[in-house]
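In this note's numbering, the protein residues as written are 2 to 257. Working notes, structure below.
Here's what the structure looks like:
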């Protein structure tokens with residue numbers, strides 16, 4: 002079995018190449034796919050065989066709270082899952098999510114097996130009836146709630162979940178179910194992906210509740226090059242967010 006890792010980016014081609022060089026140096030046998038949400042001319046300059054142009058305006062703003070992963074999942078499913086039954090999972094990361102362990106796919110798959118997860122994320126929690134910003138924003142979104150009521154197999158069809166939008170692990174059957182829904186209402190991916198999968202009957206797992214794999218994954222603040230190098234030296238599996246290109250080059254240099 003194998004994992005496809007979708008790398009979300011909107012940066013220029015040189016920066017995409019820097020990210021890919023590190024990913025391939027760490028895990029040369031992994032299947033990375035660049036899911037590009039930037040300008041088409043920059044996409045065409047990316048010298049890499051596994052790339053998809055994601056023509057979705059929500060990835061380019063300005064309403065970031067409506068950023069969607071639907072087109073990403075649909076395109077990756079069609080290109081990499083439909084004709085290859087050996088692909089059993091999808092890992093969705095952002096360009097500033099560093100992968101630093103060659104066994105990252107196996108470690109994620111083992112955690113999913115231990116926890117019986119179909120979806121794993123950072124801070125993946127039920128935010129219903131809390132003051133969490135995403136719940137407050139979408140709790141009265143009638144289009145979203147009607148959509149969930151029409152699909153849910155749960156007793157409470159309007160419960161909302163959330164997680165960090167970076168580092169989502171999704172089983173093959175969950176990706177397929179998401180894609181087969183067809184139409185999706187506008188909703189921020191950090192809420193919509195785990196919420197929809199919960200209501201479709203899949204098990205959600207908070208990585209931090211069961212593992213230290215994501216101890217260096219956070220929303221903010223950014224890791225600078227010195228901090229990222231220190232975490233790499235200490236054996237970090239993943240680091241997010243790292244936006245300093247010097248960090249990528251330093252770690253890649255340490256690998257050679």
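Glycine included, each C-beta is placed from N, C-alpha and C at the ideal position. In this text, all values refer to a predicted model and were calculated from it rather than measured experimentally.
- Counted as a single uninterrupted DSSP element, the alpha helix (DSSP H) harbouring residue 180 occupies residues 173–182.
- Within the same chain, 100, 103 and 105 come within 7 Å of residue 28 by CB-CB distance, once the 5 residues on both sides are set aside.
- Counting along the chain, residue 10 sits inside no alpha helix (DSSP H); it lies in the beta strand (DSSP E) bounded by residues 3–10.
- According to the DSSP assignment, residue 208 belongs to no beta strand (DSSP E), since it is labelled neither H nor E.
- For residue 42, the three-state secondary structure derived from DSSP is helix.
- Distances from the CA of residue 239 to each of 203, 214, 224 and 2 were compared; the closest alpha carbon is that of 214.
- For the options 251, 171, 7 and 202, the alpha carbon positioned closest to that of residue 76 is the one of 7.
- Classified as exposed, residue 257 has fewer than 16 neighbouring CB atoms from the shown chains inside 10 Å of its CB.
- Residue 241 carries a strand assignment under DSSP once its states are collapsed to helix, strand and coil.
- Look at residue 90 here: in three-state DSSP terms it is strand.
- With respect to the 9 Å criterion, residue 11 and residue 38 are classified as neighbours on the basis of their beta carbons.
- With contacts defined as CB atoms closer than 9 Å, residue 110 and residue 89 qualify as a contacting pair.
- Judged by pairs of C-beta atoms under 8 Å, the segment 114–124 does not touch the segment 132–151, as fewer than three such pairs exist.
- Inter-residue distance for residue 59 and residue 255 is about 37 Å (C-alpha atoms, whole angstroms).
- Residue environment for residue 222: exposed (fewer than 16 other C-beta atoms within 10 angstroms of its C-beta).
- By the Cβ neighbour-count rule, residue 165 is buried, with 16 or more other Cβ atoms within 10 Å of its own.
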